[in-house]
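To keep things clear, I will list the structure first and then write my remarks on it.
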Amino acid sequence: MKVMLVDDSKTMRTIQRNILMQLGFKEIEEACDGQDALSKVSAFAPELLLVDWNMPNMDGITFVKNYRAQGGKSPVVMVTTEAEKTRVVEAIKAGVNNYVVKPFTPDVLSQRINETLSRTKAA
Amino acid sequence: MDASSIAAFVVSTNDVFRTMLSLGVTAGKPYACCVVPRFENEVSGIIGMSGDVQGMVVLSFPTTTACNVIRAFTGMDMDPSSPDFADAIGELVNMISGAAKAKFEGKNVSISCPSVVIGRGHKVQQPSDALCITIPFECPAGAFSVEVAMKNARVVAHPTATSATTNTSNSTSTSAQAA
Chain A
476 MKVMLVDDSK TMRTIQRNIL MQLGFKEIEE ACDGQDALSK VSAFAPELLL
526 VDWNMPNMDG ITFVKNYRAQ GGKSPVVMVT TEAEKTRVVE AIKAGVNNYV
576 VKPFTPDVLS QRINETLSRT KAA
Chain B
30 MDASSIAAFV VSTNDVFRTM LSLGVTAGKP YACCVVPRFE NEVSGIIGMS
80 GDVQGMVVLS FPTTTACNVI RAFTGMDMDP SSPDFADAIG ELVNMISGAA
130 KAKFEGKNVS ISCPSVVIGR GHKVQQPSDA LCITIPFECP AGAFSVEVAM
180 KNARVVAHPT ATSATTNTSN STSTSAQAA
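Order-wise, the sequence lines are chains A and B. My numbering runs 475 ahead of the 1-based position in the first sequence. My numbering runs 29 ahead of the 1-based position in the second sequence.
Below, the structure is given as structure tokens:
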């Protein structure tokens, strides 16, 4: 399965990549902001996206709106420090499928990813 | 700035260090930033807050502590001159600030992308109209501090509070100087 990591922090992308690899994901593409991600989604065609909220150039919410507007249907998990309920609601409205608040343990991220993929399969 | 807003940063720092670095931290008694610091700042991650709560958060370390902390965070030894080192420091202050602001109930607060200053003896200049509090921390990686500046802040908190809400407002700006 192809996964795209969208986060301006290389440290955070590396942490998430390591967790994904432990879960058995091998095809992983990285993007450093929403703009970079938009330029890569067509060619890479991710089947799951992990997206940060606060990023320079284009934030995660704007990216998700654009991705959905372009017909992107793959599940999106937002991985962010934005923990307020209003932000979670805003993210869901924008087309986010699941939500992980930083800081997170590997178990929590793994659980959210598996949960998201199970829901997508069932739909 | 009240006790609960200081407590929010104590709790968020503890959460970030425990969850992402597997390090327990102990908070000391907060003090006004004009008091002589415990160590010379060598590595600082800086985040601005805007919206209903306006101010800044500075996570500062001596270099040795910063290297130990980054090793615990990333699993790698990094040279402080490496861009990845600054990136990791920025992500730490980002998580601490984000988790703290989430505890500001009923407040709409945005945080900036982090900046990182590396240089011996630098000083992060807080705005003159903001109250700045330093929260000292100890952890197995060494001593570090979290400075919180909020404009129009009035009350200094104590370090033992554990709940988290805040009621400060208005704006601030940041400048940093390396000595």
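Glycine included, C-beta positions come from ideal geometry on N, C-alpha and C.
In the DSSP annotation of this structure, Ser34 of chain B is not part of any beta strand (DSSP E); the continuous alpha helix (DSSP H) holding it starts and ends at 32-50. Contact of Gly127 of chain B with chain A is assigned, a C-beta pair being separated by under 7 Å. Along the region 529-544 of chain A, going in chain order, the ones with a CB nearer than 9 Å to a CB of chain B are Asn529, Met530, Pro531. The beta-bridge partner set that DSSP reports for Gly77 of chain B consists of B:Met85. Around the beta carbon of Met105 of chain B, fewer than 16 other beta carbons lie within 10 angstroms, which makes this residue exposed. For Val551 of chain A, the CB contacts under 7 Å within the same chain, skipping 5 residues up- and downstream, are Leu524, Val526, Val539, Gly570, Val571, Asn572 in chain order.
Considering only beta carbons, the part of the region 546-563 of chain A lying closer than 7 Å to chain B consists of Thr556, Glu557, Ala558, Glu559, in chain order.
Leaving aside the five residues that flank Asn541 of chain A on each side, the residues in its chain whose CB is nearer than 7 Å to its CB run, in chain order, Leu513. Burial is judged here by how many other beta carbons sit within 10 angstroms of a residue's own beta carbon; Arg488 of chain A has at least 16 and is buried. Between Ile147 of chain B and Ala115 of chain B, the beta carbon gap of about 7 Å places them in contact (Cβ cut-off 8 Å). Per DSSP, the continuous alpha helix (DSSP H) segment holding Thr591 of chain A begins and ends at 581-597.
Judged by pairs of C-beta atoms under 8 Å, the region 546-566 of chain A does not touch the region 493-508 of chain A, as fewer than three such pairs exist.
Residue contact with chain A for Ala115 of chain B: absent (no Cβ-Cβ distance below 7 Å to any residue of chain A). For the region 96-108 of chain B, the beta-carbon criterion of a distance under 8 Å to any beta-carbon of chain A is satisfied by Phe102, Thr103.
Counting only Cβ-Cβ distances below 9 Å, Lys568 of chain A has no contacts in chain B at all, with the closest Cβ about 16 Å away. Cα atoms of Ser34 of chain B and Lys596 of chain A: separation of roughly 43 Å, rounded to the nearest angstrom. Neighbours of Ala131 of chain B in chain A, taken as residues whose beta carbon is under 8 Å from its own, are Thr556, Glu557, Ala558, Glu559, Val576 in chain order. Collapsing the DSSP output to three states places Pro59 of chain B in coil.
DSSP places Ala128 of chain B inside the alpha helix (DSSP H), whose first and last residues are 112-130. A buried status is given to Arg587 of chain A, since no fewer than 16 other beta-carbon atoms sit within 10 Å of its beta-carbon. With contacts defined by Cβ atoms closer than 7 Å, Ala170 of chain B and Val98 of chain B form a contacting pair. Taken through DSSP and simplified to helix, strand or coil, Glu565 of chain A comes out as helix. Ranked by how close their Cα comes to the Cα of Phe173 of chain B, the residues B:Met49, B:Asp31, B:Ala32, B:Pro59 have B:Pro59 in first place.
Val98 of chain B: member of the alpha helix (DSSP H) spanning 92-103, first to last residue. As DSSP reads the structure, Ser174 of chain B sits in a beta bridge with B:Ser89, B:Pro165.
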